[in-house]
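Note sheet for the following structure.
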Amino acid sequence: MSELWYRKPASGWDEALPVGNGRLGAMVHGRTDTELLQLNEDSVWYGGPQNRLPGDALEHLPRLRDLIRKGAHAEAEQLVRRAFFASPNGQRHYEPLGTLSLEFGHPYDRVKGYRRSLDLKEGISHVQYEYENIKVHRQLLASHPDEVLAMRIEASHPIEFLVRLSRLSEVEYETNEFLDDLIVDNRSITMHVTPGGKGSNSASCMVAIRCDNSQGEAPTIARVGQNLVVNARKTLILISAQSTYRFKDIDKAVIADIERALALSTENIWKRHITDYQALYDRLELQLGSDATHLPTEERILNARDPGLIALYLHYSRYLLISCSRPGKEDGSDRVLPATLQGIWNPSFHPPWGCRYTININLEMNYWSANVGNLSECEQPLFALLERVAAAGTETARKMYGCRGWTVHHNTDIWADTAPVDRWMPATPWPLGGAWLCFHIWDHYRFTGDRALLARMFPVLRGCVEFLLDFLVDDATGKYKVTNPSISPENTFLDENGNPGVLCEGSTIDIQLIRALLNAFISGITVLDLADDELLPSVHETLSRLPPMRIGSAGQLQEWMADYGEAEPGHRHVSHLWALYPGWDINLGTTPDLAKACAITIQRRQAAGGGHTGWSRAWLLCLHARLGAADECAKHLELLLAQSTLPNLLDTHPPFQIDGNFGAGAGILEMLVQSHEGVIRLLPACPDEWRTGKIRGVRARGGFELDFGWKEGEIWGPVIVKSELGLRTVIYYPHNGLQKVVEGPKLRRCKSNRRKKKSTEQKEAQREIMDLTSVQDLKGVLRSDFFHGYATAAPQIEGAWNKDGKGLSIWDTFGHKPGKIKDGSTADDAVRSYDLYREDIALMKSYGVNGYRFSLSWSRIIPLGGAEDPVNEQGIKFYQDLIDEMLRNGITPFVTIFHWDVPQALEDRYGGMLNKEKFVPDFVRFARVCFEHLGTRVKYWITFNEPGVYSLAGYAAGVHAPGRSSYRDLNEEGDSSTEPFIVSHTQLIAHAYAAKLYRTEFQSEQKGTIGITLSGNWSEAWDEDDPRDQEAAERAREFEIAWFADPLYTTGDYPASMRAQLGDRLPHFTPEESKLVLGSSEFYGMNSYTTFFMQHKDTPADINDHKGNVFIHDTNSKGVPRGEESDTPWLRMAPAGFRKLLNWIWSRYHIPIYVTENGTTAKGETAPTSEVLNDTFRQRFFEGYVGGLARAVKEDGVDVRSYFAWTFTDNWEWAAGYTDRFGCTFIDYDSPEKTRYPKQSAYYLKALFEHLIAA
C-alpha cells in the first residue's frame, strides 16, 4: 500500500504531511480544531542579487598556493580569511510564503474515527473524522496543471469554519506577522509579502473559496474582519501564489491562476491533477514481501521496520521529488528552481543552512534517484539553475582565480551566486562545486540518450572544463596536475606532525571529479561530433597527468595526497569515495584494490561513529550497494529508519533535510539494479530480508527500463527489458547466474535463471569427454595465479573496419586487393566482435578462463597513426568498455599493442617500418595513448606480436600485408634480402622505447609489466646422429627465435650465426640501442604451434634465405613424421617438441615464460554438426601440449605462467581468409550475427586447467 497514515493530528511540523506541485507547497497538520497549512512558494527568498566577490583574491593566489605547498596551515588559513572569504559572507535564504488557518472548532478529544493520510498513488492528503455525528473529509492536493493548491472539504451536514491567511513564524506562540497587507473580499483573501533585504522578490498569495450547492442548502461565505467565514457542506479552497521572480504583475498572475482553476469543476481539478501526477508516479513500483500496512506509519518506523516500509520509503522519495522539482517550459520562461536542502517545505524565517543549494553533496544527492527512479525530467530544474550559475560564475573564475570558464563554490542560491559562502574554513574555499554539478549532465545523458539536452548543456560543461584546465597547477615534482587551493569538503586532516589542517593540494575528491568530468567532456565531444574542439588536446594531456588514487597505510583510500590522519575519524562526509558512488571509476570488477580500500575506509568511518546524519547514512547505503555488501545495506537502512527518520517519514540531519530521502531512495534502487559499469546487474546487493520482491519500471543507463521479480534471491519469471535507444547491453543475473545480451529498440523477455538439472546420461557423457587420465599425476602443479584463456587479434575478429572513426590499416588495404586472400574474403565484418564483445566475454566466462589476450587496432585509436594525429575517442572507449567487461567477469586483460596492423597512412607517408626514424616516435606516441587511457585497467602489456612473422610474411615472402618482396610475380616492389631485417630492427627499437616509456612514466603507479611476444616452433635435427643436422637445427632456432630474443635477454645483439650468414644486411645496433633493447622485456611471450625437421645444407645460402641455410622436412631420416596432420599444411600436432622448446627457452634466457599462443585447426570443420563441435582432434592437441607444459613445470623446473589458446572463435586467418578454423567456438560466417557454437575443446580446456592449477 502506497500510503502514509496516522491516528492523530500532527503535533508539529515533523509530523505534518507535505504536498507540492514543484513550485507551491504546503505542510498539512490535519488538525480538527484549527487546521494549519504552512505554505511555501519556491521563489520567496530574503534579498536580491549581491556582488560579494572578494576583489583581492587573485592578487594573493600565488602566495596562498605557496603557503599551502609548504604546509604553513595557519598562515594559509589567515590569508584565506582576509582575501578569499566574501563579504557579505552569506548568500540569500529561502523563506515561508505564509500560513493558512482553518478554524473548525472540533476539539480532537471529541472526534471519532480520526484518520490522517497521504495517498502516494494519487498525491493527495486526507483528513477524516466524525464530530457530533457529522462526518468530515478534507483533501488537499497541489495541482501542477492548474498551478494551485486545492482543498476539498466535505461534510455529511453543513459545517462552519473561519479562514485566516497570515505569515507567521513556525513558533506558534509568536505573534509577529511578516506581511505587507491583506485584501479581503466576499470570496477571497489576498496577501502581499516582501521578504526583507534589498531586491527581494515581492509575492502575492490569494486564497479563493467556492461552495457547491447540495441538497437544496444555501452555503454562505461571509467576510468577518480580514477573514472569511464559510458555512457549507461542500467547499473548495484554492491557493495560488506568484512572485516578481517570474511576473512583473503578480496580482494579475495570481488572479489568472485562480480564475482558470475556478472555471473547472472540483472533480475536473482532481482528475487533471491525478492524471498529471500519475503519469510520473506510476512509472515505477516496488513490492518487498511483508507489509505491515495495518499499523500507522509512525508505529512502523518505531517498532516494525518491515520490508514493506522500505518500499514505502522509496515510493515516498519519488513522491517528494515529483512534488518539489518539476520540469519547466522549453523556453525557460517559468524559471523553474530545483529542490533546496528542504525541498520546497520550509517553515522558518531563519532556516538551517539558509535552506539554500549546498553543492558539496546535498543538492546533488537530491537528484541521485531521478534517473534510475524513472523521473529524469524532474532533474530539469537542476540544469536550469546550472545554466544560470555558469553564466554568473565566469566573473568569479576570472576575478578570483584568473581562469577561463566558470566556477562556483560550495553553495548557491536563487540568484545563482557563485562567490565563497560563510566563513568556515573546511567548506568555504572550495571552487569545484560546478564540477560535481556538471557530472549530472553526462549521467543524465547516459540514462536518457537525450542528445538535445546534452547539446544545450555542453557549453556549461565545457566552461567548467576550461576553468579546471586553468585552475590546475603542477605539483612540487612537476609530474602531476593538482588543484590548489583544495579541501576535502568539511573535513580536517592531521599532518605528519599532528597539526590540524584543511587547505591542501589535490584532495582525492578534486582529482576524482576532474577525471570524471574530463572523460565526460571527451565522451560528449564524440556524441556531438565536435572532434575539432580546441580544448581536446589539453584535456588529454591533463588526464594523463592527474595523480592516481592512493591506498594508505591502514589499507584505506587516502582522502588527501599524503597519508594524513583524520581529526574526526567518524566524519559525516566521505568525499574521497565519490569515485565509488555517485561516480563509477572505482568498482569491484575493474579496480578491486581500490574497491577494497573503499570498504576499509567505510569500516573505519562507521567504527568511529560515521553515518550519524541522515544524508550521510544514505550515502553509506549507496556506497555499500556498489560494493555488493547486502548485509551492510540492510543495516544502514535499519539505522536510517530508526535514527534519522521523522514520524512523517522525512529525513532528519537533524534537523530536517530532504537529501537523505532522495539519497536513500537511490540506495534502495542501487541494491536492486546497477548499470554504471555499462552492463545491467540485477539484485547486486539484495539482502536476505528481501527474500521476495518485484520491481517495475526501474531505469538503467543506455535507455533501458526493467521489470522483474525474485524469490529467495533468484530471478523468478521473465525479466522484461524495454529499450528506448536500441543500444546493446548485457543483463547480469545474481549470484553469477545467466548473462543475457539485449540489443535493439524493442521489448525483450529474458528467461529466469533457474537452472534445469542435467540428466544422468548428460553427466556420463560429460565425464567421458573430459577424460583427464593422461594428466592425473599433474593435479595442482601449475601455480595458483596461472593464467589460462584465449588469444585473438583485432584485425581478425573485430570487423567494423570503417566504423566509428576507425582509419584504414595495411590489412584493410591488403585484404581488398584481388588475389591476395585465399577465399577472396575481407575482414570488413570478421566475426563482429566489435559489436558482440559483451556476448563474447559472457561466453568466454562460461569457458572458465581467467585471462584474455587481445590486440588494439592502432588505426581505431589513432586513425592516421602519427604522433601529431588526432585520437579517436570512440576507439578508446571501445577498448575501455571491453576491458571493463572483462574485469567485471573476472578475466584479466593481456593487451597486445601491435598485432600486424600498421595504419595505412603511415605506410603511405614514409613506408611504415622501413623508416625507423619516423616510425618509432609514432609507435611510442601510440603506446603512450594506450598507457594513459587503459593503463589503470591493464597489468600485462605486450608491445609487438611475432615481429619475425610480420617481417618475413610481409617483406620476404610478400604474402602478408604490406605485400613486399623480391618476387615480382607476386609483389610490385620490395627486397626480400634486406627489408625483413630492417623492419625487424625497427620493431625491436620501437619496442624498447615503448617499454622505457612505460617503466619511467607509468609502471610505478599502474603496477603492470611489459614484454614482447616472439614466434618460434621447435626445430629438430633431421638425422639426430649427424652433428651437422644438430647444428642446423640450433641455427634454425637462432634465426627464428634468438634473432629477437638474444638482443632482448642476453647480449643486446643479434646471434653470431646470423651475422656470419647475413653480414651487413643485418642492421647493427648502436651502443645506445643495444643498451636500450637489452632487458627491455620483462617476460618471454611465447607463440608456438608445431615442430619441423632441419637438415644441413652444404651449399652457400641463397640471398633470400631467412631460415639459416637448412632443408626443412615433414619426416626425419627414418621416415617418422613430425606429427599428425591438421587442416593447415604447416601445422602438425607435435607436443613433444613444444616441451623441448619450453626447456630451450628457459635454459637459454631464464626468464618467466608466458605462452601467448598455441592451437590448431582440425579437418572437416565446415558446419556446426555434432561431430564438428565434439572436436576430438583439438582436444587431443590440447591434452598433449598443455600436458607437456605442465610436465615441463613439474619435472623440468621451467617457469611458465600462462597458456593462451589460439583461438577463442574461428576468425579471419590473414591470407587464408576464413578457410582455416582455429577456434574453440565455431562461427557461422553466413549468419548476420556470426552465430557462435561452442566446441567441446573449450570445456575440455576448462576441466584441464581446473585440474592442473593449484587451488
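Under the UniProt record's numbering, the first residue of the sequence shown carries the number 1, and numbering increases by one thereafter.
Glycine included, each C-beta is placed from N, C-alpha and C at the ideal position.
Note that the structure is predicted; figures quoted are calculated from it, not measured.
8 Å contact criterion, which residue i and residue j should meet: CB distance rounded
| i | j | result |
| --- | --- | --- |
| H273 | E364 | Going by Cβ atoms, the distance from H273 to E364 rounds to 30 Å, so no, they are not a contact pair. |
| V574 | E885 | Contact flag wrong, Cβ pair sits at about 28 Å. |
| A579 | Q512 | 4 Å |
| L503 | I487 | 6 Å |
| L228 | I239 | Between I239 and L228 the Cβ distance is about 13 Å, and since that is not below 8 Å, they are no contact. |
| L140 | A26 | 7 Å |
| A392 | L461 | Going by Cβ atoms, the distance from A392 to L461 rounds to 16 Å, so no, they are not a contact pair. |
| I695 | L286 | 5 Å |
Residue nearest to residue i in terms of C-alpha spacing, selected from the options
| i | options | result |
| --- | --- | --- |
| I982 | E917, A597, E1024 and N1017 | E917 |
| N176 | L149, L640, K234 and G98 | G98 |
| P921 | R937, Y955 and G865 | G865 |
| E490 | N484, N360, V527 and M457 | N360 |
| S43 | R116, S325 and P307 | S325 |
| S507 | L432, F467, H540 and E466 | L432 |
| Y129 | F85, W1130, G30 and D1114 | G30 |
| H126 | H1251, N213 and V28 | V28 |
| G1187 | S553, Y733 and D771 | D771 |
| E1213 | G744, A218 and G824 | G824 |
| P1055 | L1048, W1043 and R1065 | W1043 |
| E714 | G693, D707 and G610 | G693 |
| F84 | A427, I344 and D306 | A427 |
| T1225 | S616, R260, I841 and E267 | I841 |
Buried or exposed by the 16-neighbour rule on C-beta atoms within 10 Å, applied to residue i
| i | result |
| --- | --- |
| T477 | exposed |
| W1016 | Checking the sequence shown, residue 1016 turns out to be Gly, not Trp. Classification of G1016: buried, given that the 10 Å Cβ count is 16 or more. |
| F1111 | exposed |
| R110 | exposed |
| Q558 | buried |
| residue 1256 | Here the chain covers residues 1 to 1255 and nothing more, so residue 1256 does not appear. |
| D510 | buried |
| residue 1259 | Here the chain has residues from 1 to 1255 only, and residue 1259 is not among them. |
| P1027 | exposed |
| S965 | buried |
| T986 | buried |
Alpha-carbon to alpha-carbon, residue j and residue i
| i | j | result |
| --- | --- | --- |
| A1060 | P1067 | 13 Å |
| L914 | A1216 | 25 Å |
| Y1154 | K817 | 36 Å |
| G308 | R701 | 27 Å |
| A72 | E505 | 12 Å |
| residue 1297 | T601 | Nothing about residue 1297 can be reported from this structure: the residues present for the chain run from 1 to 1255 only. |
| R304 | G667 | A small fix is needed here, since residue 304 is Ala in this sequence, not Arg. For A304 and G667, the distance between alpha carbons rounds to 21 Å. |
| N89 | A452 | 38 Å |
| V136 | T32 | 9 Å |
| F1138 | S1088 | 7 Å |
| N346 | F656 | 9 Å |
| D785 | A1255 | 9 Å |
| L856 | H899 | 8 Å |
| R210 | G663 | 41 Å |
Heavy atom of the ligand NAP within 7 Å of residue i beta-carbon
| i | result |
| --- | --- |
| S675 | By its list of ligands, the structure shown contains no ligand whatsoever, and the ligand NAP lies outside what it can speak to. |
Closer than 8 Å to chain D by CB, residue i
| i | result |
| --- | --- |
| P1047 | No chain D is part of this structure, which consists of one protein chain only. |
Write down every uninterrupted run of the beta strand (DSSP E) in the segment 695-761 whose length is 3 residues or greater and which is fully enclosed by it, in chain order. Taken in chain order, the complete beta strand (DSSP E) segments of 3 residues or longer contained in the segment 695-761 are 704-711, 714-723, 729-732, 739-742 and 747-750.
Length at least 4, wholly inside the segment 1034-1104: the alpha helix (DSSP H) runs in chain order: Entirely contained in the segment 1034-1104, the alpha helix (DSSP H) runs reaching 4 residues are, in chain order, 1043-1049, 1056-1062 and 1071-1077.
Unbroken stretches of the alpha helix (DSSP H), 4 residues or longer, contained in the segment 591-637: Entirely contained in the segment 591-637, the alpha helix (DSSP H) runs reaching 4 residues are, in chain order, 592-607 and 614-626.
Beta strand (DSSP E) runs contained entirely in the segment 851-884, provided each spans 3 or more residues: Within the segment 851-884, the complete beta strand (DSSP E) runs of at least 3 residues are 851-855.
Taking only runs that begin and end inside the segment 160-222, name each unbroken alpha helix (DSSP H) of 4 or more residues, in chain order. Unbroken alpha helix (DSSP H) stretches of 4 residues or longer found wholly inside the segment 160-222: none.
Scan the segment 34-116 and note each continuous beta strand (DSSP E) run of 3 residues or more that stays entirely inside, going in chain order. Entirely contained in the segment 34-116, the beta strand (DSSP E) runs reaching 3 residues are, in chain order, 34-41 and 98-103.
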